[in-house]
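What follows is a short report on a single structure.
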Amino acid sequence: MGIKKGLKVLVASALSLGLLAGCNASGGSGGSGGGSGKVIKIATQTPLSGGSATLGESIKLGAQLALEENKKKFEDLGYKLQLQPYDDQADPKKGVANAQLIGSDKSILGVVGHLNSGVSIPSSEVYEKYNVPMVSPANTATEVTDRGLKTVNRIVARDDFQGPAGADFAINKLGAKKIFVIQDKTAYGTGLADAFKKAAEDAGAEILGYEGITVGEKDFNGVLTQVLSKKPDLVFFGGLYTEGGQLIRQARDKGIKIPFMGGDGMDSSTLVEIAGDAVENVYYTSVAADASKTDEGKDFSSKYKEKFNKNVESYSAYGYDSMSVLLKGLEAAIEGNDGDLPSREKVAEEIRKIQEFQGVVTKVGFDDKGDNKFAKVYIYKFSEAKYPGVQEGEISK
Amino acid sequence: MLAEILQTLPQVLVDGLALGAIYAVIALGYTMVYGILELINFAHGEIFMTGAFIGVAMLILMTGMGWLAAMPAILALILVLVVTSILTGFMGVGIERMAYRPLRNSPKLITLISAIGVSFLLQDLVRFITEYKRGNYILTGPSMFNEQFAIKFSSISSSFSDAFFKTSTIILIISVVLMMIGLDFFVNKTKWGMAMRAVAQDRETASLMSINVNKVISLTFFIGSALGGATGVLFAVQYGTIDPYIGFILGLKAFTAAVLGGIGNIRGAMAGGIMLGLLEMFAAANLQLLTGGIFGAEYKDVFAFAILIIVLIFKPEGLFGKAVTEKV
Chain Y
1 MGIKKGLKVL
11 VASALSLGLL
21 AGCNASGGSG
31 GSGGGSGKVI
41 KIATQTPLSG
51 GSATLGESIK
61 LGAQLALEEN
71 KKKFEDLGYK
81 LQLQPYDDQA
91 DPKKGVANAQ
101 LIGSDKSILG
111 VVGHLNSGVS
121 IPSSEVYEKY
131 NVPMVSPANT
141 ATEVTDRGLK
151 TVNRIVARDD
161 FQGPAGADFA
171 INKLGAKKIF
181 VIQDKTAYGT
191 GLADAFKKAA
201 EDAGAEILGY
211 EGITVGEKDF
221 NGVLTQVLSK
231 KPDLVFFGGL
241 YTEGGQLIRQ
251 ARDKGIKIPF
261 MGGDGMDSST
271 LVEIAGDAVE
281 NVYYTSVAAD
291 ASKTDEGKDF
301 SSKYKEKFNK
311 NVESYSAYGY
321 DSMSVLLKGL
331 EAAIEGNDGD
341 LPSREKVAEE
351 IRKIQEFQGV
361 VTKVGFDDKG
371 DNKFAKVYIY
381 KFSEAKYPGV
391 QEGEISK
Chain F
1 MLAEILQTLP
11 QVLVDGLALG
21 AIYAVIALGY
31 TMVYGILELI
41 NFAHGEIFMT
51 GAFIGVAMLI
61 LMTGMGWLAA
71 MPAILALILV
81 LVVTSILTGF
91 MGVGIERMAY
101 RPLRNSPKLI
111 TLISAIGVSF
121 LLQDLVRFIT
131 EYKRGNYILT
141 GPSMFNEQFA
151 IKFSSISSSF
161 SDAFFKTSTI
171 ILIISVVLMM
181 IGLDFFVNKT
191 KWGMAMRAVA
201 QDRETASLMS
211 INVNKVISLT
221 FFIGSALGGA
231 TGVLFAVQYG
241 TIDPYIGFIL
251 GLKAFTAAVL
261 GGIGNIRGAM
271 AGGIMLGLLE
281 MFAAANLQLL
291 TGGIFGAEYK
301 DVFAFAILII
311 VLIFKPEGLF
321 GKAVTEKV
């Protein structure tokens with residue numbers, strides 16, 4: 001009996017040790033060999049599972065690449081950099097729970113994330129409480145920075161810039177006079193659609209209808225019947241690619257051949273997969289630049305491909321640039337503190353101070369709210385069932 | 001206002017009929033099981049969803065092997081429908097065997113919870129397998145039957161506009177009608193159908209009349225699940241994209257349809273499903289017009305469910321149900 005019990009204890013402890021070891025291994029990805037001095041961790045929070053996992057993972061990998069390239073520099077300063085990825089599952093509850101963990105881990109000095117504005121908004125309240133600086137590679141909702149939090153920054157354009165940019169393109173370049181607006185009732189979709197609608201009305205277009213659909217539904221024929229009877233020149237959709245793809249496909253089945261337009265929520269290869277050939281004559285505005293347009297971008301794409309054996313997604317380079325900006329702020333904070341470990345407040349201050357930083361795809365300079373002054377909106381068109389679309393224009397503030 | 005409603009009416013009817021047909025067949029599954037066991041099989045929506053995934057997986061596989069190009073599309077569809085309905089049929093039997101039969105004499109609440117458990121299990125199982133195989137759980141099948149048609153309602157009267165639909169809509173409606181006629185015939189005219197009706201009326205007495213009750217119940221689950229699975233395939237062909245969570249909302253609406261028609265009543269479920277589909281489509285197309293822009297299309301479900309509540313208040317047994325006198 002005694003031996004048996006002892007064996008049980010042994011097995012149990014061995015198992016739990018294994019578990020702990022597993023945690024370490026998954027926690028500090030890229031935490032290779034020795035290194036000197038204190039550990040500084042940078043967290044990423046993006047969806048790594050579920051429907052948006054492709055985009056979430058691309059942000060994480062981009063950030064990881066930037067972190068590893070900067071490792072050497074920080075080792076010279078006496079610090080060991082580590083990436084701590086979290087999975088927010090595109091779920092606000094999960095995001096906040098992770099944010100609590102991040103806040104209580106004193107060695108984490110910054111966060112790159114999130115993908116979804118809806119997750120970012122509640123999570124950043126927690127970051128603010130713990131003074132953890134955040135740089136977002138993808139959030140476009142105006143509320144993210146409008147709350148005036150001193151830790152929250154983003155490097156992409158806002159919805160109240162993206163919507164009007166789309167409206168301007170639709171009216172002046174596509175000649176749309178009568179527009180039908182559909183949105184998916186989420187914080188993102190409604191915000192974008194409202195911004196578009198207002199700008200279009202100001203520019204003299206007529207809004208024939210403003211309708212909502214429900215996320216998760218598959219049949220949008222009712223709304224499309226209205227589109228059919230009102231005969232607009234263009235349909236604008238504020239929402240994500242899953243519903244967008246279905247909407248476009250069902251519209252084409254009804255013989256609605258007019259151009260569709262959407263925001264960066266449509267910027268995904270899955271849209272093409274869902275809509276198939278119906279995706280022709282669809283325009284979308286995106287806050288993400290096509291990395292293959294510039295030499296730096298091409299360099300980045302090949303590095304990324306070589307390291308992870310994956311093609312870049314729209315936000316890979318933004319993950320990279322967000323991490324670079326964050327590390328630049330961190331570096332300045334360390335230097336300003338005579339080489340000692342700076343406080344989180346100090347890092348947040350230094351990040352906000354950055355005014356001229358050239359990243360791979362975007363130049364970064366934060367205003368007093370944390371928005372990027374150099375953010376641009378890009379307009380793409382699908383002329384065949386192939387992702388990404390062809391870039392039609394770019395608009396800067 | 002009336003003129004505008006009339007204008008879109010043909011299109012609303014066509015789309016509503018297609019959606020309603022889907023609700024109707026799924027509602028059959030709920031109503032059959034309820035009629036026999038007085039159990040609401042909440043896993044039925046997930047059987048429908050699993051059917052959709054099996055069907056699309058087969059279609060993708062057949063495209064990959066070049067079969068789909070080699071044989072007429074309709075033949076391929078029939079093949080997929082048959083295989084899928086047999087698979088989901090056995091799945092339904094298995095679910096009954098493992099999750100419901102051991103609990104048959106427990107309080108009804110227990111089996112209800114077990115049904116909800118099965119439905120979550122199936123959702124995540126399908127999600128896991130799809131994500132594992134494809135890296136993404138949203139699945140898009142090969143596009144089939146995309147030829148478009150227009151019925152020239154405008155030539156009848158200028159107050160109507162034309163209705164547009166594609167071949168798959170016709171195939172969907174025809175298949176559903178065939179399934180419903182087949183089931184109706186089976187239940188009302190065959191020996192096994194009579195046994196089913198007998199078990200539905202009184203399980204104990206039926207067993208005394210040398211009816212194998214367990215066999216009849218298994219058969220009911222098989223037929224209901226097979227119909228559900230086949231509808232899943234038709235749904236996937238019609239709407240193109242599926243995900244593991246389509247069963248929940250569709251199942252809930254089909255259940256509503258069954259209640260609307262009188263739960264336990266097969267013809268009632270068919271009528272209830274088609275009515276709900278038409279109602280929903282009508283609401284989506286006209287709510288904004290009817291309420292002067294206060295409510296938009298996103299409130300279509302509220303509209304449909306409000307009508308359900310009204311029906312239930314004034315005719316609790318459903319539109320086609322008979323008031324049941326409590327067994328003494």
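Going down the list, the sequences are from chains Y and F.
Note that the UniProt record's numbering numbers the first sequence so that position 109 is 109, with each residue one more than the last.
Note that the UniProt record's numbering numbers the second sequence so that position 41 is 41, with each residue one more than the last.
Glycine included, C-beta positions come from ideal geometry on N, C-alpha and C.
Straight-line gap, residue i to residue j (C-alpha atoms, nearest Å)
i	j	result
Ser-72/Y	Tyr-380/Y	The displayed chain sequence assigns Lys, not Ser, to residue 72/Y. Computed Cα separation, rounded: 38 Å.
Ser-225/F	Gly-89/F	5 Å
Ala-254/F	Ala-3/F	31 Å
Arg-344/Y	Met-323/Y	16 Å
Ser-161/F	Thr-8/F	6 Å
Ala-90/Y	Val-312/Y	20 Å
Ile-47/F	Leu-279/F	25 Å
Glu-280/Y	Gly-255/Y	13 Å
Gly-135/F	Gly-292/F	45 Å
Glu-298/F	Tyr-210/Y	11 Å
Gln-45/Y	Leu-250/F	33 Å
Ala-27/F	Thr-256/F	8 Å
Pro-137/Y	Ile-116/F	39 Å
Ala-99/F	Phe-42/F	12 Å
Leu-271/Y	Ser-314/Y	13 Å
Gly-22/Y	Ser-49/Y	Caution is warranted here: a pLDDT of 48 is assigned to Gly-22/Y, below 50, making its placement in the model unreliable, and the coordinate value is therefore given only provisionally. Between Gly-22/Y and Ser-49/Y, the C-alpha separation is close to 19 Å.
Gln-148/F	Leu-75/F	20 Å
Asp-184/F	Pro-72/F	30 Å
Val-12/F	Gly-240/F	20 Å
Leu-149/Y	Tyr-86/Y	22 Å
Contact under 8 Å by Cβ, residue i with residue j
i	j	result
Phe-222/F	Val-93/F	yes
Ala-18/F	Leu-172/F	yes
Phe-53/F	Leu-139/F	yes
Arg-147/Y	Asp-371/Y	no
Gln-162/Y	Gly-239/Y	no
Gly-329/Y	Val-347/Y	yes
Met-144/F	Leu-77/F	yes
Asp-267/Y	Ser-292/Y	no
Glu-96/F	Ser-207/F	no
Val-25/F	Thr-231/F	yes
Asp-290/Y	Pro-133/Y	no
Tyr-132/F	Pro-244/F	no
residue 368/F	Gly-228/F	Here chain F comprises residues numbered 1 to 328, so residue 368/F is not present and cannot be evaluated.
Gly-113/Y	Ile-42/Y	no
Val-390/Y	Ser-383/Y	yes
Val-233/F	Gly-51/F	yes
Extent of the continuous alpha helix (DSSP H) run through residue i
i	result
Met-281/F	266-290
Glu-46/F	44-64
Met-196/F	191-201
residue 400/Y	Past the edges of chain Y, shown from 1 to 397, lies residue 400/Y, and the structure says nothing about it.
Pro-85/Y	Careful: Pro-85/Y lies outside any alpha helix (DSSP H), inside the beta strand (DSSP E) at 79-87.
Leu-6/F	2-37
Ile-307/F	300-314
The beta strand (DSSP E) enclosing residue i, as first and last residue numbers
i	result
Glu-394/Y	390-396
Asn-153/Y	152-154
Lys-215/F	That residue, Lys-215/F, is in no beta strand (DSSP E); its alpha helix (DSSP H) goes 213-239.
Ser-124/Y	Not the beta strand (DSSP E): Ser-124/Y falls in the alpha helix (DSSP H), residues 117-130.
Gln-355/Y	Here Gln-355/Y belongs to no beta strand (DSSP E), and DSSP marks it neither H nor E.
Phe-260/Y	260-262
Lys-106/Y	Per DSSP, Lys-106/Y belongs to no beta strand (DSSP E) and is neither H nor E.
Thr-285/Y	282-286
Contact set between residue i and chain A, taken where Cβ atoms lie within less than 8 Å
i	result
Asp-15/F	Given the protein chain composition of this structure (Y and F), no chain A is represented.
Inter-stretch contact at 8 Å, needing at least 3 Cβ pairs: the region 353-360 of chain Y / the region 227-244 of chain Y: no
Continuous alpha helix (DSSP H) assignments of at least 4 residues falling wholly in the region 169-240 of chain Y: Listed in chain order, the alpha helix (DSSP H) runs fully inside the region 169-240 of chain Y are 187-202 and 221-230, counting runs of at least 4 residues.
Meets three-Cβ-pair contact criterion under 8 Å: the region 179-188 of chain Y and the region 205-219 of chain Y: Under the Cβ criterion (8 Å, minimum of three pairs), the region 179-188 of chain Y counts as touching the region 205-219 of chain Y.
Unbroken stretches of the alpha helix (DSSP H), 4 residues or longer, contained in the region 294-329 of chain Y: As far as the region 294-329 of chain Y is concerned, its whole alpha helix (DSSP H) runs of at least 4 residues are 295-308.
Sufficient close CB pairs (3 or more, under 8 Å) joining the region 78-87 of chain F to the region 260-270 of chain F: no
The region 187-207 of chain Y in contact with the region 268-276 of chain F per 3-pair CB rule at 8 Å: Output reads no: the region 268-276 of chain F does not touch the region 187-207 of chain Y.
Segments of 3+ residues assigned as beta strand (DSSP E) that fall wholly inside the region 95-183 of chain F: 148-151 and 163-166
The region 197-208 of chain Y contacting the region 164-178 of chain Y, beta-carbon criterion three pairs below 8 Å: yes
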